[in-house]
Amino acid sequence: MTLFVILALPLIAAIVSALPLGRKLAPSATLLAAVASVCLVGRAALTVAAGHRVVAVPDWVELDGLGALILLLVAVVGTTAALFSWGYIAREENSRHLRQYYANYNLFVFSMLAVPMLVEPALVWTAVELTTIFAIYLVAFDNTPEAVEAAWKYSILTIMGGAMALLGFIVLFHAMRFGNEPFTWAGLVKLAPKVSPEVLESAFLLILIGFGAKVGLVPLHTWLPDAHSQAPSPICALLSGVKTTVVLYVILRFVPILNASGRINVDRWAIIVGLISVGIAAFLILQVTDYKRLFAFSTVEHMGIILVAAGLGGAAAHYGAVYQILNHSLTKSFCFFAAGTTLLAVDTRQIADLRGLIRTSPIAGVALLFGGIAIAGAPPLAVFLSEFSIFRSGIAGQHYIAIGLLAIFIIVAFFGILHHLNSMVFGEPMPQATPMTPVHLPLSSVLTLILAGAPIVILGLYMPSFLHRILQTAAQGLAG
Amino acid sequence: MGTWLALVASLNGLAAGAFLLGAFGLLATRQMLGCVRFFRLQSLALVASIFLIAIGMRVPDLIAVALLDLAIKPLLIPWLLRRYVREELFRRREIDQLLNIPTSLVIGLTLTLTAYFLAGVLPPAAGAMGNINVPIGLAGLLLGAYTLAVRREAVPQLIGIFAIENGSLFAGIAIAPRLPLVAEMAFPFDMLIIALVIGILTRITHERVGTTRVGALATLREGAPK
C-alpha cells in the first residue's frame, strides 16, 4: 500500500501543478509531494533493511534491498531539486510554461520512482522508457536552439537504445520456459541455472547496448553532455544524479542473474565496458570548455566506476558499488545545484569567461569548489571513501590490471576537474564578467546547497547505522 | 488440420516478406511521405504476423495485441505525425543523406545476411511457424538502426526508431508469444507517447532552429565556437 501512495504523490502533484491557480501553487505542491514521498520511502527502505518485505502486488510491485536504495535516492534528489527549482524556475515569466515545467517534473519523478519498485522486467522496460520521454520536454525547457538540439539528440539516441533493449527483455521472457517461476528479478535468479546460457547472454548484451545508451556508457554517451548541459540545472541534477543511476540499476539487475547461471562471465563484460567509459570520460574532462559539461562527463566516468565495481565480484566490491551509487547521486546533484547557482550569478557557462568567482559571488564560488572537490574524490568526502573501498576490494580480489587502470583514469579526471575549477574560482575577476549590481541569489538555492551539501560532509566522516544496513541489503541484492 | 496450419505458416512467411520489404523501402525512399507509407506497410505486416501466430500457436491474448497494434501503429501514429509536423515538411524530398541510396541498399543487403547469422545466437522461436520471424525481425532491427544513422531529417529518423521497435517485436512475438498481456499492451502505448512527444519536438525544432534537417544540428560539441 505504501508503494502505491509513493507513486500516487507525484501524480497528484502533477495534476495540481497543471491547474492555473497562481504561480506559487505548482512549486508548493511539488515540494510538498516530494517531502512526503521522502518520508514514506525512508520508512519503506528501513522496513526492507530490517529484513521485512514491502509488497504492493506480489510478483509485480515489490521492494527489495537494491530497489530500496535507488528509490530512496530518487526521492531525496527529487526533493532537493524541487527546492532548487523554486527560485531557479521562478525567473520564467510565462505562467503556463511554469506549470508545464512542474507537471513534467512530477511525471518524470513518478516514472523514476516506478522503476525500482517494479519487479516484472517487461514493466520495468516501460517505466524506463517513460523516464526518457518525460525528460524530453524538461531538457528543451529553455527553448533556445541549443536546448532543442540537445533534446533532439537525447531523445533519438536514448529511445533507439530503448527499442533495442526491448528485444532483450522479450528474449529474457523466453527463459521462463525452463521452469516454473514468476517473471520477476528474483524468479530469474532462481531459474538461471536451468536456462541455456545463450538466452541469458543474448538478452543481457541487447540490454547492455540498449540501456547503455541511456546510461551514457561510451560509445553511446554523445547525447549526455549535451542534454546535461542544456537542461535547467535542477533537471540536470535529476538527470545526472538519479536518472542515469536508475537505468544502470536495471543493467546491474543482470549481475546476480548471470552469476547464478554460472556459465556466463558477466564480470568481464562489466569491467571492460566500465573501464572504457571511465577512461574516455577522464580524458574528455581535460578538454571541456563548459562547466556543466564538465560535470556531465564526470557522470559518464562515475557510471563506469560503478559498473567496474559491480564486475569485480565479491561482497566487498558489491558493497563498494552500491556505496558509490549513493555517493555519486548525492554529490553529483549537489554539483549541478552549484553549477546552477553559478549560472544565476554570472550568466555564462564557459569556463574561459569565468575568473575569480569566489570574489564575484562567494556563495557560488564556494559551492562550485566544494562540489568539484567532492565529485573528484578528494578525502575526506563521501566519494573518496567509496572509491577507496572499491580499490581495496579489487586488490583483495587480485584484479590488479583493472584496478591499476581505474586508478590512473580517476587520477586523470581528478586533476582535470581541479584544473578547471582552479581557473574558474580563483584569480582576478574579469572586468566584463563582474555584474554592476551585486547578484541576489534566491534563498531556495542557498538552502538547497546547504541541505544537499550536508550529507556529503557527514557521510565522509560517519556512516549512520540505518544507512549502512540499507547499503548492505542492497549489496546482497547484487550478489543474488 | 495439418493443411490449415501449413496455410497459416506460409501466410506468416508472406507477412515476413512484406515486413522486410517495408524495412528496405524505408531505406530507399527519398520522399518523407514515402517513409510514412513504408512504415505503414511494415506495421501492417507486423500486425498480420502477430495475428497469424495467435492463430497458429493458439495464443488468444495475442489477438488483442494485434488489434491494439493495428489501431496505433499504421493508423494513430501517422495521424499524429501529420497533425504535429507541418504539412510542407511532408511534401519535401530529402536530398541530404549520409550515403546515397544504391550504396545504402547494398549495405542493407549485407545487414540482412548478418541478421541471418546472428539469429542463431538468439533463442529459437517457440513454434516451427515462427522460425522465420527471428532472422527477419533482427534484420528489421538492424535496417532500422542503419536508417536512423544515415537519415538527416527529423521524421525519417523518428520512423527509423519505430522500425527498430517493429523489428524487436517481430522477432520477440515468435520467441516469447506468451509474454504477459499487460506488458504487451504497454509497448504500443509507449510508442504512441514517443510519437506525440517527438512530433511536438520536431515542430519546436522547426520553429526554433528553422530546419528539421537534424543532421545540421552540430553546435554542441567540445571546443565549439561560442
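These protein sequence lines are chains P and R, in that order.
In this text, residue positions in the first sequence follow our numbering: the first is 304, and each later residue adds one.
In this text, residue positions in the second sequence follow our numbering: the first is 1023, and each later residue adds one.
Glycine included, each C-beta is placed from N, C-alpha and C at the ideal position.
- Scanning the segment 355-385 of chain P for uninterrupted beta strand (DSSP E) segments of 3 residues or longer gives 357-360, 364-366, listed from N- to C-terminal end.
- Residues of chain R whose Cβ lies closer than 7 Å to the Cβ of residue 451 (chain P) are, in chain order, 1226, 1227, 1230, 1231.
- Judged by their CB atoms, residue 494 (chain P) and residue 478 (chain P) are nearer to each other than the 8 Å cut-off.
- Per DSSP, the continuous alpha helix (DSSP H) segment holding residue 529 (chain P) begins and ends at 526-533.
- By the Cβ-count criterion, residue 313 (chain P) is buried, with 16 or more other Cβ atoms from all chains shown falling within 10 Å of its own Cβ.
- Judged by their CB atoms, residue 686 (chain P) and residue 630 (chain P) are nearer to each other than the 8 Å cut-off.
- The Cβ of residue 1198 (chain R) sits closer than 8 Å to at least one Cβ of chain P.
- For residue 330 (chain P), the enclosing alpha helix (DSSP H) stretches over residues 328-352.
- From the beta-carbon of residue 463 (chain P), the residues of chain R found nearer than 8 Å are 1167, 1170, 1182, 1183, 1186.
- Taking 8 Å as the cut-off, the Cβ atoms of residue 696 (chain P) and residue 623 (chain P) count as close.
- Rounded to the nearest angstrom, the gap between the Cα atoms of residue 612 (chain P) and residue 475 (chain P) is 24 Å.
- Think of a sphere of 8 Å around the beta carbon of residue 1190 (chain R): the chain P residues whose beta carbon falls inside it are 466, 467, 469, 470, 473, in chain order.
- Between the segment 1048-1063 of chain R and the segment 1123-1132 of chain R, the count of Cβ pairs shorter than 8 Å is three or higher; the stretches touch.
- For residue 1064 (chain R), the three-state secondary structure derived from DSSP is helix.
- Each residue's CA atom was taken as its position, placing residue 532 (chain P) and residue 656 (chain P) some 16 Å apart.
- Where residue 582 (chain P) is concerned, the enclosing alpha helix (DSSP H) starts and stops at 569-589.
- Cβ-Cβ distances below 7 Å link residue 528 (chain P) to 596, 599, 600 in the same chain, with the five nearest sequence neighbours on each side left out; the list follows chain order.
- Taking C-beta atoms as the reference points, residue 748 (chain P) and residue 444 (chain P) fail to come closer than 8 Å.
- With a cut-off of 8 Å on Cβ pairs, the segment 425-435 of chain P is not in contact with the segment 376-387 of chain P, counting fewer than three such pairs.
- Judged by DSSP in its simplified three-state form, residue 1053 (chain R) adopts strand.
- Check the Cα spacing between residue 1113 (chain R) and each of R:1099, R:1032, R:1175: the tightest is with R:1175.
- For chain R, the residues of the segment 429-448 of chain P that bring a beta carbon within less than 8 Å of one of its beta carbons are 429, 432, 433, 436, 439, 440, 443, 446, 447, 448, in chain order.
- Contact with chain P is found for residue 1202 (chain R), since one of that chain's Cβ atoms lies less than 8 Å from the residue's Cβ.
- Within the segment 594-608 of chain P, no residue has its Cβ closer than 7 Å to any Cβ of chain R.
- Under the Cβ criterion of 8 Å, residue 1161 (chain R) is not counted among the residues facing chain P.
- Residue-level contact by beta carbon fails for residue 481 (chain P) and chain R, as no gap is shorter than 8 Å.
- In the three-state scheme derived from DSSP, where H, G and I count as helix and E and B as strand, residue 650 (chain P) is classed as coil.
- Following the DSSP letters along the chain, one finds residue 598 (chain P) inside the alpha helix (DSSP H) bounded by residues 594-615.
- Contact annotation: in the segment 487-513 of chain P, residues whose CB is within less than 7 Å of a CB in chain R are 501, 502, 505.
- Under a criterion of Cβ atoms nearer than 8 Å, the residues of chain P adjacent to residue 1219 (chain R) are, in order, 436, 439, 440, 458.
- Contact residues of the segment 1057-1068 of chain R toward chain P are absent (C-beta to C-beta distance below 9 Å).
- Judged by beta-carbon spacing, residue 521 (chain P) lies within the 8 Å limit of residue 584 (chain P), meaning their Cβ atoms are closer than that value.
- The contact set of residue 1145 (chain R) on chain P, defined by CB atoms closer than 8 Å, consists of 474, 477, 499, 501, 502, 505 in chain order.
- By the Cβ test, the segment 1167-1184 of chain R is in contact with the segment 1213-1231 of chain R, since at least three Cβ pairs between them sit closer than 8 Å.
- As a beta-bridge residue in DSSP terms, residue 421 (chain P) pairs with P:364.
- The beta carbon of residue 332 (chain P) sits closer than 7 Å to the beta carbons of 316, 319, 320 from its chain, once the five residues preceding and following it are set aside; these are given in chain order.
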